[in-house]
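Trainee: Okay, handing you the structure first.
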Ligand SMILES: [Zn+2]
């Protein structure tokens, strides 16, 4: 796979619509439409309406499968995103399809009927584990009532009128953003963008109530598998509150130290098959910390594990080991991304979940992290698990 050097994103406002464009040396044209409202914006009794509308807008892709021109989408609690990928020569058609979605062209009875069938099938195949986790973490029933995939009974009852109303309220210019990644200069396709994107409506939106995203709960689950035991930990992390601005995007550094620490401690008593630590994007600065530990040995009491996972202290040698790995990484002349990451990064930037930085800025962040004293690192790690209340659920 060919890799390319990181670059910057340019913002253009075209017909009232924010367009974030990246010009990179890649062989195809990628465009995304980001609608900044998802299932949280749904009314009671209309669970799945955002998801259903997403399916309606992508039926063209289902009907005409083309390996060189394709689209996909997803809906979560806070947004619906459409992504199109095509050859350069087809870029105008891609822009036109995005405009069709913006203009509500695909909203009709036949597509609603087909999308409903597909969505209900998807609901029946979806496991609710993730949504249960969110419900417990944030102690909020809404997160269960408003599962992005939707509820079969509600989806059955969706009428064209309800879909239209949801569309009119949410697919408005101040709630939408376009992201484009291609080898073309923006000037080359700006005219095409202006030609389309005319019907972006302009209405005031009701601000989302973000107060529900505050919790100090921590969920620990112990599950038995045929090959051993799996321990899962979930905790909400607000990046703004956890790390200072200067190195907020460098959180992997702390997760790596955390993982190393857990591995060393647990290895004393158990045979470890693997440990992963990750922060899953949730909403803006809100992330879900997930730690997954796979043990080969017998471990039937989660209380034995709790102190080791949550309260063990990190040691100097563990910090130094991760520091030296990052030191090696910094010596690389360039920091690389894969082609498909560019659009994802662009979408993350407009949603405020990640900031795209230049190579120099990225190197600066890593340098700042390496400059941290042992005590500072320990303090940040401790902050991850301070003031928590543990909620145990063993059989989700
Ligand atoms: Zn779907």
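Numbering (my numbering), first residue to last: 1 to 396.
The C-beta atom is built at its ideal place from N, Cα and C for all residues, glycine as well.
(1) Whole alpha helix (DSSP H) runs in the segment 296-344 with 4 or more residues, listed along the chain?
(2) Out of 189, 113, 252 and 75, which one is the CA nearest neighbour of residue 157?
(3) Once DSSP output is grouped into helix, strand and coil, what is the label at residue 375?
(4) State the beta-bridge partners of residue 407 as determined by DSSP.
(5) Applying the criterion that 16 or more other CB atoms from any shown protein chain within 10 Å of the CB defines a buried residue, is residue 384 buried or exposed?
(6) Mark residue 125 as exposed unless 16 or more other C-beta atoms lie within 10 angstroms of its C-beta, in which case mark it buried.
(7) Is it true that the segment 135-152 meets the segment 94-106, where meeting means three or more beta-carbon pairs spaced less than 8 Å apart?
(8) Suppose you measure from the CA of residue 93 to the CA of residue 278; what does that come to, to the nearest Å?
(9) In three-state DSSP terms, what is residue 17?
(10) Any chance the CB of residue 271 is under 7 Å from a heavy atom of ligand 1?
(11) Of the choices 118, 55, 302 and 247, whose alpha-carbon is the least far from that of residue 75?
(12) From residue 162 to residue 144, what does the alpha carbon distance come to, in whole angstroms?
(13) Report buried or exposed for residue 19, applying the criterion of at least 16 other Cβ atoms within 10 angstroms of its Cβ.
(14) Taking the DSSP output, what are the residues bridged to residue 29?
(15) If the criterion is Cβ atoms closer than 8 Å, does the pair residue 401 and residue 155 meet it?
(16) In the DSSP assignment, find the unbroken alpha helix (DSSP H) run with residue 192 in it and report its ends.
(17) DSSP three-state call for residue 231: helix, strand or coil?
(18) Can you tell me where the alpha helix (DSSP H) holding residue 155 begins and where it ends?
(19) Which same chain residues, not among the five before or five after residue 128, have their C-beta less than 7 Å away from its C-beta?
(20) Quick one: is residue 258 buried, meaning 16 or more other Cβ sit within 10 Å of its Cβ, or exposed?
(21) In terms of alpha-carbon separation, which member of 273, 322 and 39 lies closest to residue 371?
(22) Quick one: Cα of residue 313 to Cα of residue 103, how far?
(23) In terms of residues, what are the limits of the alpha helix (DSSP H) holding residue 223?
(24) Given a threshold of 16 other Cβ atoms within 10 Å of its Cβ, counted over all protein chains shown, does residue 116 qualify as buried or as exposed?
(25) Given residue 123, which residues of its chain have a CB within under 8 Å of its CB, disregarding the five upstream and five downstream residues?
(26) State the Cα-Cα distance for the pair residue 236 and residue 131, rounded to the nearest angstrom.
(27) Output needed for residue 139: all residues of its chain with C-beta closer than 8 Å, excluding positions within five of it in sequence on either side, in chain order.
(28) Alpha carbon to alpha carbon, how far is residue 325 from residue 351? Give it in angstroms, no decimals.
(29) Rounded to the nearest angstrom, what separates residue 14 and residue 306 at their Cα positions?
(30) Ignore the nearest five residues each way along the sequence and tell me which others in residue 254's own chain have a CB closer than 8 Å to its CB.
(31) Alpha carbons only, please: which of 320, 373, 108 and 91 is nearest the one belonging to residue 29?
(32) Please confirm whether residue 247 and residue 360 have their CB atoms less than 8 Å apart.
(33) Under the assumption that residue 433 contacts residue 12 (Cβ atoms under 8 Å), give the Cβ distance between them as a whole number of angstroms.
(34) Would the beta-carbon of residue 35 fall within 8 Å of that of residue 174?
(35) Comparing alpha-carbon positions, which option in 46, 230 and 290 lies nearest residue 270?
(36) Hey, quick one: how far does the alpha helix (DSSP H) through residue 136 stretch, first residue to last?
Mentor: Per the coordinate set shown:
(1) Here the runs fully enclosed are 302-310 and 316-330.
(2) By alpha-carbon distance to residue 157, the top candidate from 189, 113, 252 and 75 is 113.
(3) Residue state, collapsed to three classes: helix.
(4) Residue numbering for the chain in the displayed model covers 1 to 396; residue 407 lies beyond these limits and cannot be assessed.
(5) With a threshold of 16 other beta carbon atoms within 10 Å, residue 384 meets it and is buried.
(6) By the 10 Å Cβ count, residue 125 comes out exposed.
(7) With a cut-off of 8 Å, the segment 94-106 and the segment 135-152 do not count as touching, because too few Cβ pairs lie within range.
(8) About 38 Å.
(9) Note: residue 17 maps to strand in three-state DSSP.
(10) Incorrect: residue 271 has no Cβ contact closer than 7 Å to ligand 1.
(11) Restricting attention to 118, 55, 302 and 247, the CA atom closest to the CA of residue 75 is found in 55.
(12) For residue 162 and residue 144, the distance between alpha carbons rounds to 21 Å.
(13) Residue 19 is buried by the Cβ-count criterion.
(14) When beta bridges are read from the DSSP output, residue 29 appears opposite 86.
(15) With the chain covering 1 to 396 only, the question about residue 401 has no answer from this structure.
(16) 186-195 is the extent of the alpha helix (DSSP H) around residue 192.
(17) Reduced to three states, the DSSP call for residue 231 is strand.
(18) Its alpha helix (DSSP H) spans residues 152-156.
(19) Residues of the same chain with a CB within less than 7 Å of the CB of residue 128, apart from the 5 flanking positions on each side, are 147 in chain order.
(20) By the neighbour-count rule (16 or more Cβ atoms within 10 Å), residue 258 is buried.
(21) Ranking the options by Cα distance to residue 371, first place goes to 322.
(22) C-alpha separation (whole angstroms): 56 Å.
(23) Element bounds for residue 223: not the alpha helix (DSSP H) but the beta strand (DSSP E), 217-225.
(24) Around the Cβ of residue 116, a 10 Å sphere holds 16 or more other Cβ atoms; the residue is buried.
(25) Same-chain partners within the cutoff: 48, 149, 150, 151, 152 and 155.
(26) Whole-angstrom Cα-Cα distance: 14 Å.
(27) Within the same chain, residue 139 has close Cβ partners 215 and 217.
(28) Cα-Cα distance, rounded: 31 Å.
(29) Residue 14 and residue 306 have their C-alpha atoms spaced approximately 53 Å apart.
(30) Counting only Cβ-Cβ distances below 8 Å, and skipping sequence neighbours, we find 243, 377, 380, 381 and 384.
(31) The option with the nearest alpha carbon to residue 29 is 91.
(32) Contact flag unset, no.
(33) For residue 433 there is no data in the structure shown, the boundaries of the chain being 1 and 396.
(34) Not a contact, by the Cβ cut-off of 8 Å.
(35) When only C-alpha atoms are compared, the closest one is 230.
(36) Per DSSP, the continuous alpha helix (DSSP H) segment holding residue 136 begins and ends at 129-138.
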